[in-house]
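Note sheet for the following structure.
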Amino acid sequence: KQANGDYKVTVRSSNHKGDSGLYNSHVYLVDNAGKFIGLGGKQVTLDITKTQGTLTIANNDKNRGTFDVVITNLTNPGGITGVVIPVWSDQNGQDDLVWHNATKQEDGSYKVTVSASQHKWNSGKYIVHGYLTDASGKNVSFGATSVDVVAPKKIGSASRGNYDVFNKIVYLDAGHGGYDPGASYFGISEKSLTLAIQSRVKAKLEAEGYQVVTTRTSDAFVDLTDRSRAANASESDIFVSIHINAAGSSDVQGIETYYYQPYAEYPSRINAAYHANPTRLSMSDTLANAIQSSLINATGAQNQGVKRRTFAVLRETTAPAVLLELGFLSNSQEAARLTTSVYQETLANAIVAGIKAYYEKESNV
Ligand SMILES: [Zn+2]
Numbered sequence: 001k002q003a004n005g006d007y008k009v010t011v012r013s014s015n016h017k018g019d020s021g022l023y024n025s026h027v028y029l030v031d032n033a034g035k036f037i038g039l040g041g042k043q044v045t046l047d048i049t050k051t052q053g054t055l056t057i058a059n060n061d062k063n064r065g066t067f068d069v070v071i072t073n074l075t076n077p078g079g080i081t082g083v084v085i086p087v088w089s090d091q092n093g094q095d096d097l098v099w100h101n102a103t104k105q106e107d108g109s110y111k112v113t114v115s116a117s118q119h120k121w122n123s124g125k126y127i128v129h130g131y132l133t134d135a136s137g138k139n140v141s142f143g144a145t146s147v148d149v150v151a152p153k154k155i156g157s158a159s160r161g162n163y164d165v166f167n168k169i170v171y172l173d174a175g176h177g178g179y180d181p182g183a184s185y186f187g188i189s190e191k192s193l194t195l196a197i198q199s200r201v202k203a204k205l206e207a208e209g210y211q212v213v214t215t216r217t218s219d220a221f222v223d224l225t226d227r228s229r230a231a232n233a234s235e236s237d238i239f240v241s242i243h244i245n246a247a248g249s250s251d252v253q254g255i256e257t258y259y260y261q262p263y264a265e266y267p268s269r270i271n272a273a274y275h276a277n278p279t280r281l282s283m284s285d286t287l288a289n290a291i292q293s294s295l296i297n298a299t300g301a302q303n304q305g306v307k308r309r310t311f312a313v314l315r316e317t318t319a320p321a322v323l324l325e326l327g328f329l330s331n332s333q334e335a336a337r338l339t340t341s342v343y344q345e346t347l348a349n350a351i352v353a354g355i356k357a358y359y360e361k362e363s364n365v
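Mapping of the sequence shown onto the working numbering: residues 1 to 365, in sequence order.
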């Protein structure tokens with residue numbers, strides 16, 4: 001009852017499941033005997049903004065084991081700062097659960113591509129949930145769906161010539177070692193720098209969820225062919241050899257990256273079936289360019305470019321393979337900075353970024 005004798009009530013849609021649409025109101029007065037007497041009715045149409053969104057599966061690719069999740073008509077009273085899509089297959093509980101970040105498209109929808117490679121290559125039913133992140137950073141559920149995925153059979157590894165398999169395993173080959181110091185200038189030997197940089201790259205890759213296999217983790221001599229033998233016996237996807245350069249002129253400086261160039265005069269000894277495989281060469285090219293450009297961007301070093309040679313480790317390794325020359329020890333400036341932890345850290349970060357760019361391009365992961 002109001003001061004002027006009218007009666008009033010405020011109706012909240014939140015008491016009606018937040019529904020939009022036609023609302024009916026009927027009015028009764030209650031007399032002294034407790035009897036209800038109808039006085040009439042009114043209708044009103046409400047358009048309520050509530051948390052909602054539509055999850056649609058698109059481009060379910062049975063050859064690649066990938067599908068897109070597209071999110072349209074997304075609304076939330078508390079705002080939207082992001083969209084995350086947890087996905088898991090119904091095999092072995094949620095052991096393959098991944099929270100995928102969806103990206104906003106030009107048309108206002110959100111999209112993310114999911115690959116069976118991120119879900120243990122499981123085939124069968126995948127559960128897809130939709131969460132938006134509101135302005136306060138809270139995740140709010142807006143829906144769920146599922147999709148039947150056919151994952152291609154992925155067996156073996158690039159180290160066996162299965163170049164469409166990605167195991168997230170990287171082989172790192174610190175150059176030289178033991179009685180072979182490599183280049184040696186200003187009291188600094190190449191073999192110790194390559195090991196120091198390798199250990200930084202290894203730690204960073206492992207922190208990113210990669211497994212790392214190495215030729216050596218101490219000051220040991222390993223024969224060149226044995227390095228490739230070890231890589232070919234692993235399940236690694238790529239081979240990255242780490243070296244420091246030297247030149248006759250102390251003026252020469254900069255970074256260069258090599259991948260394999262077949263030469264008839266240097267036939268392969270243990271990798272005849274794969275050394276000149278065009279897929280291997282093309283993937284080596286991609287890897288070399290990804291790491292080289294990342295290194296140049298990060299260091300500002302002189303760009304000596306991507307080059308091709310028939311180095312033994314590049315020839316005899318079955319996986320896509322590159323050899324990095326991270327600077328000239330024969331140049332006093334480069335030698336000085338190569339020994340600092342700050343510069344080694346910059347190099348390691350750049351190598352990891354290049355490797356990640358390679359995986360994104362080649363494996364859709
Ligand atoms: Zn070397």
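Don't be surprised by glycine CBs; every beta carbon is placed ideally from N, CA and C.
Hey, could you find the ends of the beta strand (DSSP E) residue i is sitting in?
i	result
Ser141	139-149
Lys50	Taken as a continuous stretch (DSSP letters only), Lys50 belongs to no beta strand (DSSP E), as it is neither H nor E.
Pro86	82-89
His243	238-245
Phe328	321-328
Trp121	Neither: Trp121 is in no beta strand (DSSP E) and is coded neither H nor E.
Glu256	255-260
Ala102	98-104
Gln211	211-214
Thr113	110-115
With distances taken from CA atoms, which of the options is nearest residue i?
i	options	result
Ile296	Glu256, Ser332, Asn139	Glu256
Asn59	Gln52, Gly53, Thr51, Asp68	Asp68
Ser284	Ser234, Glu265, Lys111, Lys361	Lys361
Val98	Gln43, Asn76, Ser293, His129	His129
Arg308	Ser268, Leu347, Tyr263	Tyr263
Ser363	Asp223, Val212, Asn303, Phe166	Phe166
Ser261	Ala246, Gly178, Arg315	According to the sequence provided, residue 261 is Gln. The question's Ser does not apply to it. The residue with the shortest Cα to Cα distance from Gln261 is Arg315.
Asn162	Thr318, Ala196, Leu329, Ser293	Thr318
Ala273	Asp226, Ala233, Arg160	Arg160
Val44	Gly34, Asn32, Gly65, Asp19	Asp19
His26	Ile57, Lys8, Val140	Lys8
Ser228	Leu172, Gly248, Tyr266, Val212	Leu172
Gly187	Ala301, Tyr358, Gly5, Asn331	Asn331
Trp88	Gln118, Arg269, Ile71, Pro77	Gln118
Asp90	Gly209, Thr75, Thr339, Trp121	Trp121
Ile197	Ser13, Pro181, Leu347	Leu347
Pro77	Thr49, Glu106, Thr340	Thr49
Please classify residue i as buried or exposed, where buried requires at least 16 other C-beta atoms within 10 Å of its C-beta.
i	result
Pro366	Any answer about residue 366 is impossible in this case: the structure gives the chain only from 1 up to 365.
Glu190	buried
Phe221	exposed
Thr103	exposed
His176	buried
Glu325	buried
Asn271	buried
Lys138	exposed
Tyr110	buried
Lys202	buried
Ala246	buried
Asn24	exposed
Tyr28	exposed
Val30	exposed
Could you pull out every residue in the same chain whose Cβ sits closer than 8 Å to the Cβ of residue i, ignoring the five residues on either side in sequence?
i	result
Tyr343	Thr299, Arg337
Glu345	Arg200
Ala233	Ser159
Tyr73	Going by the sequence as given, residue 73 is Asn instead of Tyr. Once the five neighbours on either side are set aside, the close Cβ partners of Asn73 are Gln52, Gly53, Thr54.
Run through DSSP, which three-state label would residue i get?
i	result
Arg309	strand
Asp68	strand
Asp61	strand
Ala336	helix
Leu172	strand
Asn303	strand
Glu265	coil
Pro31	Note that residue 31 corresponds to Asp in the displayed sequence, not to Pro. In this structure, Asp31 counts as coil in the three-state DSSP scheme.
Leu295	helix
Ser14	helix
Asn289	helix
Thr54	strand
Thr279	helix
Ser159	helix
Ser284	helix
Just curious, the alpha helix (DSSP H) that residue i is in, first and last residue?
i	result
Asp226	224-232
Thr194	190-207
Leu347	341-363
Tell me which residues share the same chain as residue i and place their Cβ nearer than 6 Å to its Cβ, disregarding the 5 neighbours each side in the sequence.
i	result
Pro320	Ile238, Arg280, Met283, Ser284, Leu287
Gln253	Gln302, Phe328, Asn331, Glu334
Return the chain-ordered list of same chain residues with a C-beta closer than 7 Å to the C-beta of residue i, the five sequence neighbours on each side being excluded.
i	result
Phe311	Tyr258, Leu323
Ser146	Lys125, Tyr126, Ile127, Val128
Leu22	Gln43, Thr45
Ala151	Gly65, Ala116, Trp121, Asn122, Ser123
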